[in-house]
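The next block holds one structure in the form of structure tokens; read it before the comments.
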Amino acid sequence: MPASQRTSKLKALDIHAGPQARAHLQRHGLQPQHIGTIPAAAGGPKGLILGPLDRFVFGQWLTQSSQPVHLVGASIGAWRMATACLNDPAAALQQLEQNYISQHFDLRPGEKRLPAARVSAMFAQTLQTFYGGRLAEVLQHPRYALHVLTSRGRGPLSRERGAATVLAYLGAFMSNLVARRALAAWLERVVFSTGSCGAGGVGSLPFAAHDYPTRQVALTTDNFFAALQASCSIPFVLQAVRDIAGAPGGAYWDGGVTDYHLHLDYAGAQNAIDSVAACEDAISAGGQNGLNTGSATGALVLYPHFQRSVVPGWLDKHLRWRHGATAFLDNMVLLAPNPQWVKTLPNGKLPDRVDFTHYGTDLAARMKVWRAATSAAQQLADEFAAWLERPDMGQVRVL
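Right under this line is the structure:
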């Protein structure tokens with residue numbers, strides 16, 4: 001069908017935009033050079049639904065531009081973003097999807113659940129196999145700065161000690177109920193970052209970190225595997241990763257505990273805009289006010305997500321009053337599956353961790369359902385591509 005006859009009518013995909021992003025879309029549409037940051041959430045198998053969008057964005061669309069882009073991920077999101085840094089990202093992301101779908105852990109006689117130590121050992125081997133010999137592609141990417149989020153234990157959570165850790169997480173939950181920042185008594189955000197603009201050092205964070213205690217550490221060959229495993233280490237499912245090279249000592253857990261859906265202050269990250277400006281030599285006519293007008297190169301956050309709400313931390317999942325958008329997301333364009341379309345998927349839902357228990361040892365059945373869902377998700381990428389050709393603001397919802 002000729003491009004002039006294509007429709008941007010969205011059935012599977014919802015597009016949401018913050019107020020600054022919306023102003024940008026109205027004036028300029030959406031071009032790959034407008035993107036400065038791409039976040040990727042924790043959420044386990046739910047992230048599989050974003051495979052076709054990831055392959056389109058990194059394999060086709062962003063290749064039409066050259067500006068630096070920050071990739072920010074926690075848990076499976078960190079795995080996705082690290083994979084996007086590999087040569088031929090579309091093929092690498094396809095392989096990641098296949099590997100994730102086919103993963104299987106057998107219970108041994110007498111076991112009712114998998115020991116965290118065994119899951120951790122198997123996952124460590126998976127990462128070694130997947131990235132072995134390819135770290136330079138990730139750490140020295142000429143264009144992408146990777147930021148891997150982890151949660152470092154403090155106080156009673158600085159070590160992993162069985163029942164004591166369970167009680168400590170209960171304390172963290174109660175503190176978080178009082179205020180999100182109170183969680184910092186138990187866990188801090190540690191971000192492992194590669195350099196920006198190919199400089200080889202640690203680049204600026206693409207978000208302001210005043211909201212929560214944050215440390216930034218260089219992501220290197222010495223700590224890549226440990227940092228990525230820590231970012232994926234769900235408490236009590238995997239073991240914490242201890243004493244990561246180059247980082248403060250202690251136990252490190254899943255980055256989603258502190259930053260489940262990466263509700264970070266992207267709009268307040270003037271340092272990130274300055275970094276983009278320095279790498280590009282100049283931003284567009286909007287100058288340092290480019291973020292407000294939406295005209296600056298690399299000023300927007302493009303967020304392929306599996307739902308419309310951006311939940312701050314894992315402990316906030318059931319705290320609905322923390323699920324609304326804030327000014328942090330004003331420069332964000334969020335892509336998410338339409339809830340009605342999700343109901344057309346197998347079992348009427350996205351793939352999730354419950355499926356491991358539901359299907360048990362029936363690996364073939366689970367793989368069939370997950371592959372059907374990821375195949376259907378191609379519609380998300382196709383609709384986004386069509387919308388980009390003929391942007392229709394009537395299809396853009398308020399974030």
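Under this note's numbering, the sequence shown has 188 at position 188, and the numbering climbs by one with no breaks. Cβ coordinates follow ideal geometry from the N, Cα and C atoms, glycine included.
When DSSP states are grouped into helix, strand and coil, residue 151 belongs to the strand group.
Fewer than three pairs of CB atoms, one per stretch, sit closer than 8 Å, so the stretch 155-165 makes no contact with the stretch 258-266. Residue state for residue 237 is assigned as coil, using DSSP reduced to three classes. DSSP, reduced to helix, strand and coil, places residue 207 outside both helices and strands of the structure shown, so it counts as coil.
For residue 73, the pairing in a beta bridge is given by DSSP as 40 and 148. Considering only 183, 57 and 164, the residue with the shortest C-alpha distance to residue 214 is 183. The straight-line gap separating the alpha-carbon atoms of residue 232 and residue 74 is approximately 7 Å.
In the DSSP secondary-structure assignment, residue 174 is not bridged to any residue.
Only exposed fits residue 389, as fewer than 16 other CB atoms lie within 10 angstroms of its CB.
A straight line joining the alpha-carbon of residue 112 with that of residue 369 spans about 24 Å. Nearest in C-alpha terms to residue 136, of all of 180, 216, 85 and 256, is 85. The beta carbon of residue 119 lies closer than 7 Å to those of 105, 237 and 238 in the same chain, with the five residues before and after it left out. Bounds of any beta strand (DSSP E) do not take in residue 111, whose DSSP letter is neither H nor E. Residue 64 has its alpha-carbon roughly 23 Å from the corresponding atom of residue 13. Relative to the Cα of residue 77, the nearest Cα in the group 376, 378, 304 and 62 belongs to 304. Here the alpha carbon of residue 248 sits roughly 12 Å from the alpha carbon of residue 192. Residue 88 is classed as exposed because its beta carbon has fewer than 16 other beta carbons within 10 Å across all chains shown.
Residue nearest to residue 398 within the set 177, 35 and 327 is 327 (criterion: CA-CA distance).
Bounds of the alpha helix (DSSP H) holding residue 342 are 339-342. Taking the C-beta atoms as reference points, residue 335 is found no nearer than 9 Å to residue 93. By the C-beta density criterion, residue 55 is buried, having at least 16 other C-beta atoms within 10 angstroms. One thing to note: residue 206 has its Cβ within 9 Å of the Cβ of residue 301. Boundaries around residue 215 are those of the beta strand (DSSP E), 214-218, since no alpha helix (DSSP H) includes it. With 16 or more other Cβ atoms from the protein chains shown falling within 10 Å of its own Cβ, residue 331 counts as buried. Looking only at 188, 315, 298 and 342, the smallest Cα-Cα distance to residue 308 is reached by 342. Between residue 219 and residue 146, the CB-CB gap stays under 9 Å.
Taking a contact as a CB-CB distance under 8 Å, the pair residue 395 and residue 15 counts as one, their CB atoms being some 6 Å apart. Under a 10 Å Cβ-count criterion, residue 109 is classified as exposed, with fewer than 16 other Cβ atoms of the shown protein chains found around its own Cβ.
Around the C-beta of residue 151, 16 or more other C-beta atoms lie within 10 Å, and the residue is accordingly described as buried. Judged by DSSP in its simplified three-state form, residue 389 adopts helix.
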